[in-house]
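J.: Chains as they are written, first to last, in this note's numbering: chain A, 7 to 337; chain B, 7 to 337. Where a beta carbon is used, it is the ideal one built from N, C-alpha and C, also for glycine. My questions all concern the structure below.
There are 2 protein chains.
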Amino acid sequence: MVTINDIAKKAKVSKSTVSKVINNYSGVGDDTKEKVLKIMKENNYWPNSVARSLSTKKSYTIGIFGPQILNNFFFREVFEGIEAVMGDKGYDLLYFTNKQWDESWVDYSYKEKCENRNVDGVIMMGYGKVNIAQFDRLLKSEIPSVFIDLDLVGSNTSYVTSDNTGGARKAVEYLAKLGHKKIAMIRGLNGFKVSTDRFVGFQQSIKALNLPYNSKWMFDGDYSMETGYQSMKKILRLEEQPTAIFAEDLIAIGAIKAIREAGLNVPEDYSVIGFDSIEVGRHYHLTTIAQDQIGLGEAASKLLLNIIDQKSFSPIILPTRLIIGETCREI
Amino acid sequence: MVTINDIAKKAKVSKSTVSKVINNYSGVGDDTKEKVLKIMKENNYWPNSVARSLSTKKSYTIGIFGPQILNNFFFREVFEGIEAVMGDKGYDLLYFTNKQWDESWVDYSYKEKCENRNVDGVIMMGYGKVNIAQFDRLLKSEIPSVFIDLDLVGSNTSYVTSDNTGGARKAVEYLAKLGHKKIAMIRGLNGFKVSTDRFVGFQQSIKALNLPYNSKWMFDGDYSMETGYQSMKKILRLEEQPTAIFAEDLIAIGAIKAIREAGLNVPEDYSVIGFDSIEVGRHYHLTTIAQDQIGLGEAASKLLLNIIDQKSFSPIILPTRLIIGETCREI
DNA sequence: CTGTTAGCGCGTTCAA
DNA sequence: TTGAACGCGCTAACAG
C-alpha cells in the first residue's frame, strides 16, 4: 500500500505538505502542489480512511443496525434510499452483524459498537417499543442517530416514519366511499409503532364516519401470510360478516388465499385493502396504501446528515398514497 | 470515549499491560490481570477497532461490492448468508456505496477502496463478464476476494456459484420426462456467466435427449418480467409452437402473464419452468430449479475466510434442486 | 510557503 | 512480570 510518506519522498517534500495538498488547504505553492498531485495520481494514491479517522474523528462511515433488515423486502428498499444519499455525500455503510462481544453484553451495546468503529452516525431500523430499554446508553451518548419507524428523540437522536395513522384513515375512507360499513382489521407487528398508529387511524375513521365497530373483526398476529390466512379463516366462520378487510400487504395476501380456498372471490365477496405496497402485492393487483420506502431511506439519511452537522433534528413524517388495484369493489 | 489510557490510569498499570490483558497474552500476573479486567468491565471498555487495525492491519471488516445488490431480491438472500457466517466469526460488513473519488477513477478503484478502508477481504457480487477489465488491479493485489457468479481465480481470489449448467439440464430433463419435446428458452442477464452456463446446459440436454432445437424458440433480454412478457407474445404468434418454456423465475412470470392475457392457461396450454426460486415465484406456484441463495452467501464467506487464513481457495459450485410446483404438466 | 513535532488509540518490541 | 519507546498513516499546531 502506498502511503503519505511514499508520496512525500517521491515529491521530495514533507508529509505535512502532502497532507495539505490532500485536504486542499491554503499555504502551498502552486508548483509544489501540482508536483504532489501528479505523483499522487501516478501512484494511485488515496489517503487511508482508517488512519485519517483516527486523528480527525471523522470516518465517513454510517453504521446500520437492524435485526430484520436483510430478510425483509421492506427494508431492502429503505436501504436503497440510504445508499443513494449517503453515497452522494461520500459515506460508506457499515452493517453491524449480530456478532457478540461477550455474554454480558448481549446485543445492547449499540453505543460501544458505534464508538468502536468510529462511525459518524447510525441508522436504526426494524426495532419496536419492546426494544427501547436497549437504546438507553446510545440515546444518552453523543452519537448522531436516526430511528426508522420508532419515535425516539434526543439531542442527537431523531426519527423518520410514514404517516401511518393518516394512511389507515385513507384506507377506511376509501372503503367507506365504496359503500363498505363493516370493516375488519388484521394487525401484525405487535409492539411496533407502525402497527399502533395504523390501529389508531383505523379507529379514528370508524368513529368519524359513524361506522360500526365490532371487536370480533379485530385480529392480532405477526407480520406474515399465515396470520392473514388464519385470521381470515376465523372471519369466514363469523355470524356477522364484515364486507371488507384492512391489513398489511403480506397479511392481506394470506387473507386472499383463505378467501379463495373457501371458494369465494376478491373483490366479489370481500374487498381487501393492504398497507405498505410491497413488491409481491403488485402480483395480486392489491389495492393498498403505499409508503415511500426509498423515500424513508433518503429522509433518514438527510436527517442524519443534518444531525451530524448540528443543523436540525425535527422528525420527518412522510405521506402515504392510495394505490387502487383490483381487490376492492363498490357495494 | 474511554481509551486504553483511561483504563491504564485507573488500574495504575501501563497501557501495554492493559493491551496484553485485552489480547489475552501470557506474561501478566493473575491479580493485575483480574484488576484490569474488572476496570474494563466497569467502564464498558472495548478497544477501538480503528486504532487497532491501524497497527495490526486486521480490521475484522469484510467489504461488499455490488451494483445491484440492494434492489435485487436474489442478492438480499445471499447477503443474509454472508451476515450469518461473518457475524459468527466476529466480522462486520462494509457496504461500499457508489461514491466516487474523482472522475479519473470512475468506479474501477476496487483495490484502492479496499486498501483505503483496511478491509480484510472483499465479496463481489452482481458483476458479469463485461466488468472483468475493471478488476485488473484488484486481482493483481494481495487483497483476498471472492466473486459470486463470476469465475475469476487467482492467488487471493476465488469464486462461488451454483451449478447453473447442471440446473438447466435438470429443467430440460424434467420437461422431457413429462413428454415435452419442443422447448423454448428465454434468457435474461446477457453477459453474465450464469446466463451462459444455463444456455450451455440447455443445449447439452437438448442434444443428449435428441430433442429438436429451433432458433426461433430462443430469446434474449434482460432479467425482467417485461422480457418474459414480450418474448412470450412473440412465441404466441409463432407457427411452430413449443409446448414448454424455460426461463429465469421473473422472466417466467412475465411469460405466464402473456399466456393468460391471450386467454390461455398454464400448465394446460404451456408448461413453464423457472430458475432461481425467488420468493415471488412461490406465489405463482412456479415449478423451478432452485438455487440455495443463503448457501451461496455462506459458502462465499467461508471461502473468503479460508483465503484470508491462507488455507484454500478452490472455487465452490453449489448444487441446484428441482422444485415441483403447478406450472408443468405431462403431455 | 514549508518542515518539524506531537498526537489520535492501539500493538509490539526490548529493557529493566 | 512490567513498562518505556516506537510505529501504524494521517492531521494539526507551531516554527522557521
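#1: Any idea which residues DSSP pairs SER4 of chain B with across the strands?
#2: Extract the residue ranges of the beta strand (DSSP E) inside the segment 67–97 of chain A, only unbroken runs of 3 or more that lie entirely within it.
#3: Of all Cβ atoms in chain A, is any one closer than 9 Å to the Cβ of HIS289 of chain B?
#4: For ARG175 of chain A versus PHE225 of chain A, is the C-beta spacing smaller than 9 Å?
#5: Just curious, the beta strand (DSSP E) that LEU324 of chain A is in, first and last residue?
#6: Please confirm if GLY96 of chain A has its CB atom under 9 Å from at least one CB of chain B.
#7: Report the option in A:GLY197, A:LEU217, A:ILE68 whose CA atom is closest to the CA atom of ASP228 of chain A.
#8: Only counting the same chain, and skipping five residues up and downstream in sequence, which positions put a Cβ closer than 7 Å to that of ILE284 of chain A?
#9: Looking at C-alpha atoms only, which residue of A:GLY172, A:VAL8, A:ASP98 is the closest neighbour of LEU4 of chain A?
#10: How long is the line joining the alpha carbons of ALA214 of chain B and ALA306 of chain B, rounded to whole angstroms?
#11: Taking VAL286 of chain B as the query, report the chain A residues whose CB atoms sit under 8 Å from its CB, ordered along the chain.
#12: Ordered along the chain, which non-local residues of its own chain (more than five positions away) have a Cβ less than 6 Å from that of GLY280 of chain B?
#13: Skipping 5 residues on each side, what residues in its chain have a beta carbon closer than 7 Å to that of VAL27 of chain B?
#14: In chain order, what residues of the same chain lie with their CB nearer than 8 Å to the CB of GLU274 of chain B, ignoring the 5 residues before and after it?
#15: Can you confirm whether the segment 231–240 of chain B touches the segment 199–207 of chain B when touching is taken to mean that 3 or more C-beta pairs between the two stretches lie within less than 8 Å?
#16: Who pairs with ILE129 of chain A in a beta bridge, going by DSSP?
#17: As a quick exercise: from A:ASN11, A:LEU324, A:GLY132, pick the residue whose alpha carbon is nearest that of LYS199 of chain A.
#18: For the segment 57–77 of chain B against the segment 126–142 of chain A, do three or more pairs of beta-carbon atoms, one drawn from each stretch, fall closer than 8 Å, so that the two count as touching?
#19: Need the endpoints of the alpha helix (DSSP H) that VAL178 of chain A sits in, please.
#20: Measure the CB-CB distance between TYR143 of chain A and ASN50 of chain B and report whether it falls below 9 Å.
#21: Contact check, VAL56 of chain A vs ASN124 of chain B under 8 Å by CB: the rounded distance?
#22: Could you tell me the alpha carbon to alpha carbon distance between TYR31 of chain A and ASN312 of chain B, rounded to whole angstroms?
#23: Using the C-alpha atoms, what's the distance from GLU89 of chain A back to GLN290 of chain B?
#24: At a CB distance below 7 Å, what residues from the segment 186–215 of chain A approach chain B? Give them in sequence order.
#25: Classify GLU246 of chain A as buried or exposed, calling it buried when 16 or more other Cβ atoms lie within 10 Å of its own Cβ.
#26: Quick check on MET7 of chain B: does DSSP put it in helix, strand or coil?
#27: At a Cβ threshold of 9 Å, is ARG335 of chain B touching chain A?
#28: Rounding to the nearest angstrom, what Cα-Cα distance links ALA296 of chain A and PRO53 of chain A in this structure?
#29: Would you give the residue range spanned by the alpha helix (DSSP H) that THR38 of chain B belongs to?
#30: Kindly indicate which three-state DSSP category ARG335 of chain A falls into: helix, strand or coil?
#31: Can you have a look at GLU332 of chain B and say buried or exposed, based on whether 16 or more other CB atoms are within 10 angstroms of its CB?
#32: Answer yes or no: does any C-beta atom of chain B fall closer than 9 Å to that of GLY93 of chain A?
#33: Compare the C-beta of ILE259 of chain A with all C-beta atoms of chain B and state if any pair is closer than 9 Å.
#34: If we call anything under 9 Å between Cβ atoms a contact, is SER168 of chain B one with LEU310 of chain B?
#35: Answer with buried or exposed for ASP282 of chain A, where buried requires no fewer than 16 other C-beta atoms within 10 angstroms of its C-beta.
#36: Which value, in whole angstroms, describes the spacing of the CA atoms of MET238 of chain A and GLY260 of chain A?
T.: Inspection of the coordinates gives the following:
#1: In this structure chain B extends from 7 to 337, so residue 4 of chain B is not present and cannot be described.
#2: 67–71
#3: Closer than 9 Å to the CB of HIS289 of chain B there is at least one CB belonging to chain A.
#4: no
#5: Counting along the chain, the beta strand (DSSP E) containing LEU324 of chain A begins and ends at 322–324.
#6: yes
#7: ASP228 of chain A has its Cα closest to that of A:GLY197, out of A:GLY197, A:LEU217, A:ILE68.
#8: So the list reads PHE79, PHE80, ASP255, LEU256, once near-sequence residues are dropped.
#9: Residue numbering for chain A in the displayed model covers 7 to 337; residue 4 of chain A lies beyond these limits and cannot be assessed.
#10: 33 Å
#11: GLU285, VAL286, HIS289
#12: Once the five neighbours on either side are set aside, the close Cβ partners of GLY280 of chain B are ASP255, ALA258, GLY287, LEU292, THR294.
#13: VAL34, LYS39, VAL42, LEU43
#14: The answer, listed in chain order, is ARG335.
#15: no
#16: A:ILE70, A:VAL152
#17: A:GLY132
#18: Contact fails: fewer than three Cβ-Cβ distances are below 8 Å.
#19: 170–183
#20: The sequence shown places Arg at residue 143 of chain A, rather than the Tyr named in the question. Contact flag set, yes.
#21: 5 Å
#22: 44 Å
#23: Before going on, a small fix: residue 290 of chain B reads as Tyr here, not Gln. Going by the C-alpha atoms only, they are around 31 Å apart.
#24: none
#25: exposed
#26: coil
#27: Proximity of ARG335 of chain B to chain A, defined by a Cβ-Cβ separation below 9 Å, is not satisfied.
#28: ALA296 of chain A and PRO53 of chain A have their C-alpha atoms spaced approximately 44 Å apart.
#29: 36–48
#30: coil
#31: Per the 10 Å Cβ criterion, exposed.
#32: yes
#33: Output row for ILE259 of chain A: interface = yes.
#34: no
#35: By the 10 Å Cβ count, ASP282 of chain A comes out buried.
#36: Between the C-alpha atoms of MET238 of chain A and GLY260 of chain A there is a straight-line separation of about 8 Å.
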